[in-house]
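Undergrad:
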Amino acid sequence: MSNPVVTRFAPSPTGFLHIGGARTALFNWLYARGRGGKFLLRIEDTDRERSTPEATAAILQGMEWLGLDHDGDVISQFDGAARHAQVAHQLLGERKAYKCFATQDEIAAFRDQAKSEGKSTLYRSPWRDAETASHPDSPYVIRIKAPQSGVTIINDQVQGDVTIRNEQLDDMILLRSDGTPVYMLAVVVDDHDMGVTHVIRGDDHLNNAARQMTIYQAMGWDVPVWAHIPLIHGPDGKKLSKRHGALGAQEYQAMGYAAAGMRNYLARLGWSHGDDEFFSDAQALDWFDLDGIGKSPARFDTKKLENLSGQHIAASDDAALRHEIQAYLVSAQQPSLTDAQLENLEKAMYCLKERSRTFPDLLEKAQFALVSRPIQPDQKAAKALATVSDGILSELTPQLQNVSWSRDDLETLLNSFAEAHDTKFGKLAGPLRAALAGRAVTPSVFDMMLILGRDETMARLTDAAG
RNA sequence: GGCCCGUUCGUCUAUCGGUUAGGACGCCAGGUUUUCAACCUGGAAAGACGAGUUCGAUUCUCGUACGGGCUGCCA
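Sequential numbering from 93 applies to the first sequence in my numbering.
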């Protein structure tokens, strides 16, 4: 516990925050926060063509929804371009890097031919050992001199020791011909400068780690702890990507999943702590560790997300739920609730939260508390109402006038009323529910009566009896 | 093509050589209930394949198959 942990999430702003990125962010957040370390956010926007401020905003919003707060300012990788270039030039000066004058056309032609001959497409620049005197006066890129023999071992906390033979490594480009840094350089410099101690990222970067290590070594910097986590696949097992049905984090918010449920689900995807399935943030923070991360890719399962979301809704306190529902409404572009509706919702929350999996689900069951008379029954409710004669409802209503408005007394009254009509309360419940809520799926009839109060209950029953 | 990684119920996973291979979601069947929802109980359901190491392999090694990733003056 000598050095404090510093992790980072480094998305490129070329689209929304998709679910795989969200999980990577969560793992980094969990690891740092669970150990009193720092969690940094860096936007990898060195690709000016594809980076957009909208994408950055979407990523930030997604993280905010998930409650993944970062330390310090959001860092723009592009802002560090001068420093990245400086490192490249330092390496150049130390002859650990060189100017390569090969044109993109030349390289492309080489690759095409290598491919057609079935040979390695690894490009070997002829300029690696060229004399400075022979340099033409034309644009060049700066490439690093990668080791060409021996091996590089990536000591990965998830993948184990991964050995790459150095002959597989190419002299990657550090600085483009326009002088701008390339990602491979920028990540290393930034991670080093930011003091990142643990790099937790998708395993699509596993091979890159070996190449990045050559930069660390050339600069004489300490290599961070690597943890390459397996990617998340779609329901069909294919890679989850923006063009392959992947949804942004915000879309899950708009679908009404509880953020805590999403965190729990995502944490459980690819990571485990024994048989624990449902857990709080505090527990996740306490338990999360790199050795609990699995090595095989996982598929995204909406059903389980739904289940976990429901469990977290049931476990949340009412005020927090109210706030999250309001945020959900905004994100789903639904009209917001009035103060009166909010008040009723909160009164009803105790019997709504344990039966709802998502917020739209909860709101649907809360209809009885949100609508005002006259109530328009939906199809199923209308059908339920049709099964009972209006006479019964109008006979029941006056009896509610003097009963004490408590659950026990209402139960006693309704049961004996049913008995008097030679039926069971169960037969009455459907129509009653329909009259009170205009819906077929609602909380208990008694809960609704208690929440609505005597006057409103009687009025609704009278309305329904026509 | 080359290199790297992976493979336990439909899905997420536990197991760190010896288990009736456990849990969760989903599914099916019952139950309870205010014919919904929620809840409870039970059930079906897995070690890709082939060798090897070992007294003993899901667990270790190798091969095959399948899946994934990387192979850019993208990140």
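For each residue, glycine too, the CB sits at the ideal point set by N, CA and C.
Between V233 and R257, is the Cβ-Cβ spacing less than 7 angstroms?
TA: Not closer than 7 angstroms, so no.
Undergrad: Out of curiosity, what's the CA-to-CA distance linking H365 and R220?
TA: Spanning the two alpha carbons is a distance of roughly 49 angstroms.
Undergrad: According to DSSP, simplified to helix, strand and coil, what is D555?
TA: In this structure, D555 counts as helix in the three-state DSSP scheme.
Undergrad: In this structure, how does DSSP classify N299 when only helix, strand and coil are distinguished?
TA: Note: N299 maps to helix in three-state DSSP.
Undergrad: Quick one: what does DSSP say V533 is sitting in, helix, strand or coil?
TA: Correct three-state label for V533: coil.
Undergrad: Compute the Euclidean distance between the alpha carbons of S498 and L152, then round it to the nearest angstrom.
TA: Their backbone Cα atoms lie some 48 angstroms apart in a straight line.
Undergrad: For N258, does the three-state DSSP call read helix, strand or coil?
TA: Residue state, collapsed to three classes: helix.
Undergrad: Near F108, which residues of its chain fall below 6 angstroms by C-beta distance, leaving aside the five closest residues on each side in sequence?
TA: Only A150, G340 meet the Cβ criterion.
Undergrad: Starting from N399 and walking both ways along the alpha helix (DSSP H), at which residues does that stretch end?
TA: Its alpha helix (DSSP H) spans residues 394-407.
Undergrad: How many Å lie between Y442 and F538 at the Cα?
TA: The alpha-carbon atoms of Y442 and F538 are separated by roughly 13 angstroms.
Undergrad: What is the DSSP secondary structure of A510, reduced to helix, strand or coil?
TA: Of the three classes helix, strand and coil, the one that applies to A510 here is helix, per DSSP.
Undergrad: Hey, out of A206, A319, R552, G326, whose CA is closest to P490's CA?
TA: Ranking A206, A319, R552, G326 by Cα distance to P490 puts R552 first.
Undergrad: Express the C-alpha separation of M540 and A473 in angstroms, rounding to a whole number.
TA: A473 and M540: Cα-Cα distance of roughly 15 angstroms.
Undergrad: Please report how far the alpha carbon of A406 lies from the alpha carbon of Q468, in whole angstroms.
TA: Distance between the alpha carbons of A406 and Q468 is about 29 angstroms.
Undergrad: Evaluate contact between the region 349-356 and the region 156-165, counting only Cβ atoms and requiring at least three cross-stretch pairs below 8 angstroms.
TA: Because the criterion of three Cβ pairs below 8 angstroms is met, the region 349-356 and the region 156-165 touch.
Undergrad: Suppose the cutoff is 8 angstroms on Cβ atoms and the five residues either side in sequence are ignored; what does the same chain contact list for E141 look like?
TA: Correct list: empty, nothing qualifies.
Undergrad: Looking only at its chain, what residues have a beta carbon closer than 6 angstroms to the beta carbon of P389, apart from the 5 residues adjacent to it on each side?
TA: Counting only Cβ-Cβ distances below 6 angstroms, and skipping sequence neighbours, we find P322, L323, H325.
Undergrad: Tell me which residue opens and which closes the alpha helix (DSSP H) that N120 is part of.
TA: It spans 111-125 - the alpha helix (DSSP H) in which N120 sits, taken as one unbroken run.
Undergrad: Relative to the ligand SAM, is the shortest distance from any of its heavy atoms to the C-beta of L118 smaller than 6 angstroms?
TA: As far as ligands go, the structure on display features none, and thus does not contain the ligand SAM.
Undergrad: If T138 and Q169 are in contact, beta carbons under 8 angstroms, what's the gap, nearest whole angstrom?
TA: Contact holds; Cβ gap of about 5 angstroms.
Undergrad: Using 8 angstroms for Cβ pairs, my map puts V166 next to T289. What's the rounded Cβ distance?
TA: Not a contact, Cβ separation roughly 20 angstroms.
Undergrad: Are the CB atoms of D248 and H320 nearer to each other than 7 angstroms?
TA: Going by C-beta atoms, D248 is nearer than 7 angstroms to H320.
Undergrad: Is it the case that the Cβ atoms of L261 and R216 are separated by a distance below 7 angstroms?
TA: No, these two residues do not count as a Cβ contact at 7 angstroms.
Undergrad: Can you check DSSP and say which residues form a bridge with G294?
TA: G294 is bridged to I321.
Undergrad: What is the rounded straight-line gap between the Cα of L488 and the Cα of D368?
TA: Approximately 49 angstroms between the Cα atoms of the pair.
Undergrad: By the DSSP assignment, the beta strand (DSSP E) with L266 in it spans what residues?
TA: From DSSP, the beta strand (DSSP E) with L266 extends over 265-267.
Undergrad: In this structure, does DSSP put T515 in helix, strand or coil?
TA: T515 falls in the coil class under three-state DSSP.
Undergrad: Buried or exposed: where does P228 fall if 16 or more other Cβ atoms within 10 Å of its Cβ makes it buried?
TA: Burial call: exposed.
Undergrad: Can you tell me whether M93 is buried or exposed? The criterion is at least 16 other CB atoms within 10 Å of its CB, across all chains shown.
TA: Summary for M93: the model assigns pLDDT 48, below 50, so the residue's position carries little reliability; its value from the coordinates is reported in the next sentence. Burial call: exposed.
Undergrad: The beta strand (DSSP E) that contains V463, what's its start and end?
TA: Note, V463: premise wrong, no beta strand (DSSP E); not H, not E.
Undergrad: Can you list, in chain order, the residues of its chain whose CB lies under 7 angstroms from that of K207, leaving out five sequence neighbours each side?
TA: Cβ within range, chain order: T213.
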